[in-house]
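The structure appears below as structure tokens.
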């Protein structure tokens, strides 16, 4: 095997600094010289301690030599003008590992591994899953390859018994929240020119096919507030049109549960959900107050209210 003289010459510029402890340090220095190990920058800091430097390519031989003579030896550092390159070389494996790890993390975070179905519409999870598979959304697909809003629209069109579909990414899972349709959709008659909210809440989704939306997702709305107005702008002129829209509002209903016992938050939630069987509760919170010798549990039950126009 041919020796890489260029690499060897570069390493000769590197020195390894050691601390040597023991008796008769002069004898140690002379013996090292006789063994062909040249010592540099010799600094004695006492009768039993000195600091020396050794060429990098002879450092292992020197270490074994010191141990053979029963001297205490401690490596302090590597020095030389090529040390930054040497340090980079030693760290190269760590750098490559970090790059590979980052690459795998990015790729894996964009990979769909499973579905999670929530909401009352999860009763039809097989049909929803079949639709998703049909459009290429399945395990090991990439999240970046599909649009969640378009999938929501597609699920609703493919499943007329659903009134709401909300999709979100959670790690490597696609969480699919769907709600069954409880309100009969009226036949389009072209006579609706505005959509008003029939409850207080937060806009969860809004689909406007005709008309102009006055609110957006995440907006807080009040009962009676105008959500979609019956107009559009054509060539800088406002034209009155009928409204065709579906708005989903996340609303809340409070339920009071009284008990003479402490720590009954879970029972309070069950009590509230039983009283709201006609609603698809998606989230709850409980506030407890002391009332004389008992307790009042105020349960806030959140559910989706779907408002149709057209």
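Residue numbers (the numbering used here): 1 to 310. For glycine and all other residues, C-beta sits at the position ideal for the given N, C-alpha and C.
Residue span of the beta strand (DSSP E) that contains residue i, given as start and end
i           : result
residue 46  : 39–46
residue 314 : Residue 314 lies beyond the range of the chain shown here (1 to 310); nothing can be said about it.
residue 287 : 281–291
residue 114 : 114–118
residue 191 : Neither: residue 191 is in no beta strand (DSSP E) and is coded neither H nor E.
residue 295 : 294–309
residue 229 : 226–229
residue 261 : No beta strand (DSSP E) contains residue 261, which DSSP labels as neither H nor E.
residue 223 : Taken as a continuous stretch (DSSP letters only), residue 223 belongs to no beta strand (DSSP E), as it is neither H nor E.
residue 18  : 15–21
Residue i - containing alpha helix (DSSP H), residue span
i           : result
residue 274 : 265–275
residue 201 : Unbroken run through residue 201 is the beta strand (DSSP E), 201–210; no alpha helix (DSSP H).
residue 216 : Residue 216 -> no alpha helix (DSSP H), and no H or E assigned at all.
residue 134 : 125–134
residue 323 : The question about residue 323 has no answer here: the residues shown for the chain are numbered 1 through 310.
residue 60  : 59–68
Where residue i falls, given that 16 or more other Cβ within 10 Å makes a residue buried
i           : result
residue 269 : buried
residue 206 : buried
residue 137 : buried
residue 42  : exposed
residue 256 : exposed
residue 32  : buried
residue 237 : exposed
residue 201 : buried
residue 191 : exposed
residue 132 : buried
residue 290 : exposed
residue 179 : buried
Top-ranked residue by Cα proximity to residue i, from the options
i           : options          : result
residue 64  : 46, 37, 146      : 37
residue 197 : 309, 22, 159, 33 : 309
residue 163 : 24, 122, 74, 62  : 122
residue 217 : 160, 166, 280    : 166
residue 40  : 62, 296, 47, 24  : 62
residue 135 : 124, 120, 158    : 158
residue 264 : 296, 233, 276    : 296
beta-carbon residue i near the ligand NAD non-hydrogen atom, thresh 6 Å
i           : result
residue 131 : With respect to small molecules bound, the structure shown includes none, and the ligand NAD cannot be examined in it.
Checklist entry - Looking at C-beta atoms only, is the number of pairs between the stretch 203–211 and the stretch 245–255 that lie closer than 8 Å three or more? => result yes
Item to check | Stretch-stretch touch, CB-based, cutoff 8 Å, three pairs: the stretch 46–55 with the stretch 11–30 | outcome: yes
Checklist entry - So does the stretch 295–303 actually touch the stretch 247–259, counting three or more Cβ pairs closer than 8 Å? => result yes
Next on the checklist: I'd like to know if the stretch 214–233 and the stretch 258–275 are in contact, where contact means that at least 3 CB-CB pairs between them fall below 8 Å.
Outcome noted: no
Checklist entry - Counting Cβ pairs closer than 8 Å, one from the stretch 116–124 and one from the stretch 170–178, do we hit at least three? => result yes
Next on the checklist: Quick test of the definition: if touching needs 3 or more C-beta pairs under 8 Å, does the stretch 66–74 touch the stretch 19–35?
Outcome noted: yes
Item to check | Any beta strand (DSSP E) of 3 or more consecutive residues that is wholly inside the stretch 139–169 | outcome: none
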